[in-house]
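S.K.: In the numbering used here, the protein residues as written are 11 to 696. Just so you know, even glycine gets a beta-carbon here, dropped at the ideal spot from N, CA and C. Everything numeric in this text was worked out from a predicted model, so none of it was measured. Quick one: the structure is below, and I'll ask about it shortly.
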Ligand code: ADP
Ligand code: ZN
Ligand code: ZN
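Structure (structure tokens):
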């Protein structure tokens, strides 16, 4: 009897390819018989790795092909009875891993909230069970605030957006600051909400202030959730699970990580401030661009995408100009407010005549004094935090540098410290020069802290606020500064890039740009594009109800084209001029850039390895390879760095490029010298 019916099952063992949150694509495990049929694509499982590690992974595929020549380990535990990753998410993960040339495990690690890949699953399940008991109140969003009507200009723009969507997947809304772009988004969202569709509204992390979320909450109430990286793991898990349920939020307002939530019926994606560099994740992998990834996500759902900005990125503007994207312009500010007047002050002259008081020209001081007398507020932009750029021994010129990175330490006066802005290394200000014993130091360069000190001598009666990474490190600190300034509790707001981010104050009549050259003199092919964006955005903060604001722009390059283009708000001329150079030198958006980074503790060995890598790359890519070079900061956290640049034409298949790069990487890594070498890629670097 026993021999009549062989137990077929044991001859057809099941295997599962599992993605783990580590820098590999995945590993294959044996599915234990008691889990067969239940371990399916998209479920989470607990698996062993190496001698004594345990990971939570995601099932990518179940099959019956036994991998050859490896010892098989079994899945320990199945965590989900139904998939928690849907097909669009898998498609997006795979696209990211391929396009940005990184392991699938790195994508998973970034995409899932920490609580989805726990070490202590039991404790979290318990926590989660308790929270799930709470039923969200279901109020009718349309009983909330009715929509504020659109102005005729805004209505025209909305009609044009509709016309654009009827023909194309993507629309660029190019609207000057305070033209009411957000109002248009709200109208558009409302319409999709009424159709029962899902909407993803992406904002740069820093722009997700309480003011912004409250503005949307007033219209969309509990149908909307806010999602960003500053939330706790459990808060993010809650939203994730709600999106898997039968009653997901319809509107997700989020920072870049919101693209990784599960959507079921996504119909509209809005990417506000699409030009913002913070949409690109720099560190760690995946080094993805959230705007471009959102476009892919929309594509997977056949959803529409609206990209909004006052200062488009070249990548987007180019496509809007060439035709793939529809283009809608909105050049009227709300309530006919005028764009600010930008007055250029040549500080070369003032410096020579020794008329400068610290970083302040006589003209800026005069304008500030008048504004203060009228009870108006002022914003000062200085793109560097800390007190001084660095300090120098008065006697021998010794300059303190970071022991781990190839940079000088920045002087923070209030804390009496020297800080590395790359790795955070902090030391106390030395009492004397270790080289010669001198006790006097001179400080070089001006940071926001020094500007604040200058003001206390120039305008002792003025109340100042400072907004930079030191004073606005947390969301609470950031919002408290904004609130205080909005309530007129301070006269002058001094800040770095942070003050350029779409803030809306009603009493600011003067904006001072202390040193535009710090943006112009960056050795990067994008520096003028960025300078135009940053300075136009910061200038846009000036202007009160009926009276246009005044911007004082201090520079040593008063006669340059780029400064003229900024003062005249002439985006088109700036674009055309820069594009000529981009084309000539094979830069984006005409070519795709890929940076290959190599890192090693040993500088000389790295030289050798980088040369070898470049030689192998040239054999395949020829003239498209530049380098290896030492980047401007060529050592960070004790690792030396080399960069090889690849310029690829758009016609070249990204898949082929990726394959070639990975094949070359495997060759390099197989040499004994490359044992402790790190290689990674930055695709479409910013
Ligand atoms: P943008 O997003 O283009 O910078 P906003 O949508 O934030 O502009 O609008 C700027 C200001 O003007 C906001 O305070 C907003 O409430 C107001 N505003 C814009 N359009 C309207 C409108 N149609 N009705 C009432 N207020 C509006
Ligand atoms: Zn010295
Ligand atoms: Zn450092």
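Output the distance between the C-alpha atoms of residue 673 and residue 241, rounded to the nearest integer angstrom.
M.R.: Walking along the chain shown from the start, residue 673 turns up at place 663. Walking along the chain shown from the start, residue 241 turns up at place 231. Residue 673 and residue 241: Cα-Cα distance of roughly 40 angstroms.
S.K.: Suppose you measure from the CA of residue 555 to the CA of residue 170; what does that come to, to the nearest Å?
M.R.: As a first step, residue 555 is located in the chain shown; it is residue number 545 there, counting from the start. As a first step, residue 170 is located in the chain shown; it is residue number 160 there, counting from the start. Going from the Cα of residue 555 to the Cα of residue 170 covers about 28 angstroms.
S.K.: My output table needs one value for residue 778: the three-state DSSP class, helix, strand or coil.
M.R.: In the structure as shown, the chain starts at 11 and stops at 696, and residue 778 therefore has no counterpart that could be examined.
S.K.: May I have the straight-line CA-CA distance separating residue 64 from residue 58, to the nearest angstrom?
M.R.: Sequence index remark: in the chain shown, residue 64 carries index 54 (1-based). Sequence index remark: in the chain shown, residue 58 carries index 48 (1-based). Between residue 64 and residue 58, the C-alpha separation is close to 4 angstroms.
S.K.: Taking 8 angstroms as the cut-off, is the beta-carbon of residue 647 closer than that to any non-hydrogen atom of ligand 3?
M.R.: Within the chain shown, residue 647 is the residue found at index 637, counting from 1. Yes, the Cβ of residue 647 comes within 8 angstroms of a heavy atom of ligand 3.
S.K.: Check whether the Cβ of residue 448 lies closer than 8 angstroms to any heavy atom of ligand 2, and answer yes or no.
M.R.: Working through the chain shown from its first residue, we reach residue 448 at position 438. Residue 448 Cβ: within cutoff of ligand 2.
S.K.: Expressed to the nearest angstrom, what Euclidean distance is found between the alpha-carbon atoms of residue 4 and residue 321?
M.R.: Examination of residue 4 is not possible in this model, given that the chain is present from 11 through 696 alone.
S.K.: By alpha-carbon positions, which one of 610, 433 and 425 ends up nearest to residue 439?
M.R.: As a position in the chain shown, residue 439 is number 429, starting the count at 1. Taking only the C-alpha atoms, the option nearest residue 439 is 425.
S.K.: Taking only the alpha-carbon atoms, compute the straight-line gap between residue 444 and residue 409 and give it to the nearest angstrom.
M.R.: Position 434 of the chain shown holds residue 444. Position 399 of the chain shown holds residue 409. Residue 444 and residue 409: Cα-Cα distance of roughly 10 angstroms.
S.K.: Quick one: is the Cβ of residue 164 within less than 8 angstroms of any heavy atom of ligand 1?
M.R.: Position 154 of the chain shown, counted from the start, is the residue given in the question as residue 164. Under cutoff, so the answer is yes.
S.K.: Could you check if residue 594 is buried or exposed, using at least 16 other CB atoms within 10 Å of its CB as the buried criterion?
M.R.: Numbered from 1 along the chain shown, position 584 holds the residue referred to as residue 594. Exposed is the call here.
S.K.: State the DSSP-derived secondary structure class of residue 65, mapped to helix, strand or coil.
M.R.: What you label residue 65 is simply residue 55 of the chain shown in a count that begins at 1. Three-state DSSP puts residue 65 in a strand.
S.K.: Would you report the Cα separation of residue 195 and residue 280, rounded to the nearest angstrom?
M.R.: Indexing the chain shown from 1 puts residue 195 at position 185. Indexing the chain shown from 1 puts residue 280 at position 270. If I take the Cα positions, the gap works out to 8 angstroms.
S.K.: Report the CB separation of residue 351 from residue 31 in whole angstroms; it is logged as a contact under 8 angstroms.
M.R.: Within the chain shown, residue 351 is the residue found at index 341, counting from 1. Within the chain shown, residue 31 is the residue found at index 21, counting from 1. About 53 angstroms; that fails the 8 angstroms criterion.
S.K.: Judging by CA-CA distance, which residue of 483, 458 and 527 is the nearest neighbour of residue 474?
M.R.: Residue numbering aside, residue 474 sits at position 464 when the chain shown is read from its first letter. Residue 458 is the option with its Cα nearest to residue 474.
S.K.: When the Cα atoms are used, what is the spatial distance from residue 270 to residue 100?
M.R.: To locate residue 270, count along the chain shown from 1; it is residue 260. To locate residue 100, count along the chain shown from 1; it is residue 90. So the alpha carbons of these two residues sit roughly 10 angstroms apart.
S.K.: Note down, one range per segment and in chain order, each alpha helix (DSSP H) of at least 4 residues found wholly within the region 359-384.
M.R.: Counting whole runs of 4 or more residues, the region 359-384 contains the alpha helix (DSSP H) stretches 372-383.
S.K.: Note the first and the last residue of the continuous beta strand (DSSP E) segment covering residue 428.
M.R.: To locate residue 428, count along the chain shown from 1; it is residue 418. Residues 427-429.
S.K.: So what's residue 84 in DSSP terms, helix, strand or just coil?
M.R.: Within the chain shown, the letter at position 74 stands for residue 84. DSSP places residue 84 in strand when its eight states are reduced to three.
S.K.: Is DSSP giving residue 142 helix, strand or coil here?
M.R.: For the purposes of this step, residue 142 is taken as the residue at position 132 of the chain shown. Legend: pLDDT at residue 142 = 35, less than 50; position of this residue unreliable, value from coordinates given subsequently. Helix at residue 142.
S.K.: Any idea which residues DSSP pairs residue 339 with across the strands?
M.R.: Translated into the one-based positions of the chain shown, residue 339 becomes position 329. According to DSSP, residue 339 bridges with 184.
S.K.: So, with DSSP's three-state summary, where would you put residue 24?
M.R.: Along the chain shown, one-based indexing puts residue 24 at 14. Residue 24 falls in the coil class under three-state DSSP.
S.K.: When DSSP labels each residue in this structure, what does residue 4 get in the three-state scheme?
M.R.: Because residue 4 is not part of the residues shown, which for the chain are 11 to 696, the question remains open.
S.K.: Got a sec? Which residues, its chain only, sit under 7 angstroms from residue 227 by beta carbon, not counting five neighbours each side?
M.R.: The residue given as residue 227 occupies position 217 in the chain shown. These residues qualify, in order along the chain: 234.
S.K.: Is the Cβ of residue 345 closer than 9 angstroms to any Cβ of chain D?
M.R.: Among the protein chains of the structure shown there is no chain D, as only one such chain exists.
S.K.: How big is the Cα-Cα spacing for residue 133 and residue 124?
M.R.: The residue labelled residue 133 in the question sits at position 123 within the chain shown. The residue labelled residue 124 in the question sits at position 114 within the chain shown. Low local confidence applies: a pLDDT of 48 at residue 133 is under 50, so the model's placement there is unreliable, with the coordinate-based value given in what follows. Roughly 14 angstroms separates the two Cα atoms.
S.K.: Below 8 angstroms CB to CB, which residues in the same chain sit around residue 23 once its five sequence neighbours on both sides are set aside?
M.R.: What you label residue 23 is simply residue 13 of the chain shown in a count that begins at 1. The residues are 40, 41, 74 and 76.
S.K.: Note down the Cα distance separating residue 251 from residue 262, rounded to an integer number of angstroms.
M.R.: By 1-based counting over the chain shown, the position of residue 251 is 241. By 1-based counting over the chain shown, the position of residue 262 is 252. Residue 251 and residue 262: Cα-Cα distance of roughly 13 angstroms.
S.K.: Using only the heavy atoms of ligand 1, determine whether one of them is closer than 8 angstroms to the beta carbon of residue 360.
M.R.: Counting from one through the chain shown, the residue named residue 360 turns up at place 350. The answer is no for residue 360.
S.K.: For residue 299, which residues in the same chain have their Cβ closer than 7 angstroms to its Cβ, ignoring the five residues on either side in sequence?
M.R.: Along the chain shown, one-based indexing puts residue 299 at 289. Hits under 7 angstroms: 289, 290 and 694.
S.K.: With residue 572 as the anchor, note down where its alpha helix (DSSP H) starts and where it stops.
M.R.: Along the chain shown, one-based indexing puts residue 572 at 562. Run containing residue 572: 571-577, per the alpha helix (DSSP H) assignment.
S.K.: For residue 414, verify whether its CB is less than 8 angstroms away from any heavy atom of ligand 4.
M.R.: Although ligand 4 was asked about, the structure shown includes only ligand 1, ligand 2 and ligand 3 as ligands.
S.K.: Can you list, in chain order, the residues of its chain whose CB lies under 7 angstroms from that of residue 513, leaving out five sequence neighbours each side?
M.R.: Within the chain shown, the letter at position 503 stands for residue 513. Answer for residue 513: 492 and 551, listed in chain order.
S.K.: Please determine whether the Cβ atom of residue 559 lies at a distance below 8 angstroms from any heavy atom of ligand 1.
M.R.: Your numbering for residue 559 matches position 549 in the chain shown. No, since every heavy atom of ligand 1 falls outside the 8 angstroms radius drawn around the Cβ of residue 559.
S.K.: Could you name the residues that DSSP lists as bridge partners for residue 453?
M.R.: By 1-based counting over the chain shown, the position of residue 453 is 443. According to DSSP, which records beta bridges pairwise, residue 453 is partnered with 401.
S.K.: Along the alpha helix (DSSP H) that carries residue 332, what are the first and last residues, could you check?
M.R.: Position 322 of the chain shown, counted from the first residue, corresponds to residue 332. Residues 324-332.
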